[in-house]
Amino acid sequence: TSVDRPNKVKTRRKNARGISSMAGVRSRFAVTLFTRLNCSLCDDAKRQLSVLWEKRRFEYTEINVMEPAQERWKRLYEFDTPVMLPGTNHARTIARCGMDWICVDTEHGNIDDGAMHEAVAAIAGCGVSPVVRIAANEGWMVKRALDAGAHGIIVPLLYTAADAELLVRSAKFPPLGGRGFGSPFPMEKFSNQTTGEYLQQANDALVTIVQIETKEALHNVAAIAAVPGVDVLLIGPFDLGNNIGHPILDGTMHPDLKAAIATIHKAATDAGKRSGIYCTSGEQAR
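Numbering-wise (our numbering), the sequence shown opens with residue 1170 and increments by one.
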């Protein structure tokens, strides 16, 4: 736990489990408890803090160090911006602008493998989730991004449910997939995470995002959304418009493109998944 005590506290003592007991507290203080999934010690700490909370007024916040992807996306309206140029200072500057997550774009950005590794570390170090958009649905690209410590991946230009299944096999550890483990880097991109905990929790905690931006993917969107392990359908409106014969001109969307976007959102909702869309302005996002 970390405790912020802006006001005077007369005494503090620790019990056998290391949870601070406060006595003589004059006013409110804040407690942040960092927890892990399936941790009996964490559950015990929460129970003890709940007792203290009932007796003394303080703010109590719980942060799960590897929260499952679906829960994270259900709770937040997520906003991101891409990093398309190399450089850790550049990545850190963008990460400090209040984004929920940063897309490290290796598809269209001027970012090679080494720059991707550096950007992921810099962004995670600022407390923001780094998500890597790889250039193609290739297993080795998925592995490199996740082994760098990305909190999720975005895969462009999918066409079928079989493509989505191939992606999941690359992104998930057994038994859900065939991802191999050997990198010492991803654990350090999460607070207080051990190797064993990363292996046990990564399948649920890392976000797998597929882009729907081709005519074939639009036709197969319900089947793609239904693939276990796919968390988010991300709409690429410019490529989608081009591929269905209705490019976006002067910022105006054709009614058929709007209908296609609505179809994708519905497919995600029906499958219990999340959906998102690339926006060029705050007005479009609203």
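Every residue gets a Cβ at the ideal spot worked out from N, C-alpha and C, and that includes glycine.
For residue i, the first and last residue of its enclosing beta strand (DSSP E)
i            : result
residue 1450 : Run containing residue 1450: none; DSSP gives neither H nor E here.
residue 1275 : Taken as a continuous stretch (DSSP letters only), residue 1275 belongs to no beta strand (DSSP E), as it is neither H nor E.
residue 1321 : 1321–1324
residue 1404 : 1401–1404
Reduced DSSP secondary structure (H/G/I, E/B, other) of residue i
i            : result
residue 1443 : strand
residue 1255 : coil
residue 1345 : coil
residue 1377 : strand
residue 1191 : Low per-residue confidence applies at residue 1191: pLDDT is 34, beneath 50, and the placement is therefore not dependable, though the value from the model is reported in the following sentence. Residue 1191: strand per DSSP, three-state reduction.
residue 1353 : coil
residue 1329 : coil
residue 1396 : coil
residue 1430 : helix
residue 1413 : coil
residue 1197 : With a pLDDT of 46 at residue 1197, under the threshold of 50, the predicted position of this residue should be treated as unreliable, though the coordinate-derived value follows. Residue state, collapsed to three classes: coil.
Segment limits, alpha helix (DSSP H) that includes residue i
i            : result
residue 1364 : 1364–1374
residue 1387 : 1384–1388
residue 1302 : Here residue 1302 belongs to no alpha helix (DSSP H); instead the beta strand (DSSP E) covers 1298–1302.
residue 1418 : From DSSP, residue 1418 is part of no alpha helix (DSSP H); its letter is neither H nor E.
residue 1289 : 1282–1294
residue 1265 : Neither: residue 1265 is in no alpha helix (DSSP H) and is coded neither H nor E.
residue 1318 : Element bounds for residue 1318: n/a, residue is neither H nor E.
Contact belief for residue i with residue j at Cβ below 8 Å, rounded distance in angstroms
i            : j            : result
residue 1426 : residue 1413 : 7 Å
residue 1321 : residue 1280 : Rounded, the Cβ-Cβ distance is 16 Å, inconsistent with contact.
residue 1345 : residue 1398 : 6 Å
residue 1273 : residue 1299 : 6 Å
residue 1301 : residue 1275 : 6 Å
residue 1283 : residue 1251 : Not quite, the Cβ-Cβ distance comes to about 18 Å (not below 8 Å), so this is no contact.
Residue from the options with nearest C-alpha to residue i
i            : options                   : result
residue 1303 : 1335, 1314 and 1443       : 1314
residue 1319 : 1358, 1388 and 1330       : 1358
residue 1408 : 1364, 1328, 1398 and 1376 : 1328
residue 1347 : 1353, 1334 and 1298       : 1334
residue 1376 : 1324, 1451 and 1354       : 1324
residue 1415 : 1384, 1297 and 1261       : 1384
residue 1372 : 1292, 1400, 1354 and 1270 : 1400
residue 1271 : 1292, 1277, 1284 and 1308 : 1292
residue 1261 : 1269, 1284, 1295 and 1283 : 1295
residue 1437 : 1386, 1263 and 1395       : 1395
residue 1442 : 1349, 1449 and 1434       : 1434
residue 1330 : 1257, 1259, 1453 and 1386 : 1386
Touching by the beta-carbon criterion (3+ pairs, under 8 Å), the region 1331–1346 and the region 1282–1289: Contact fails between the region 1331–1346 and the region 1282–1289, because fewer than three Cβ pairs, one in each stretch, are under 8 Å apart.
Cβ pair count under 8 Å reaching 3, the region 1390–1400 against the region 1413–1423: Because the criterion of three Cβ pairs below 8 Å is not met, the region 1390–1400 and the region 1413–1423 do not touch.
Meets three-Cβ-pair contact criterion under 8 Å: the region 1403–1413 and the region 1429–1441: The region 1403–1413 makes contact with the region 1429–1441, as at least three CB pairs between them are under 8 Å.
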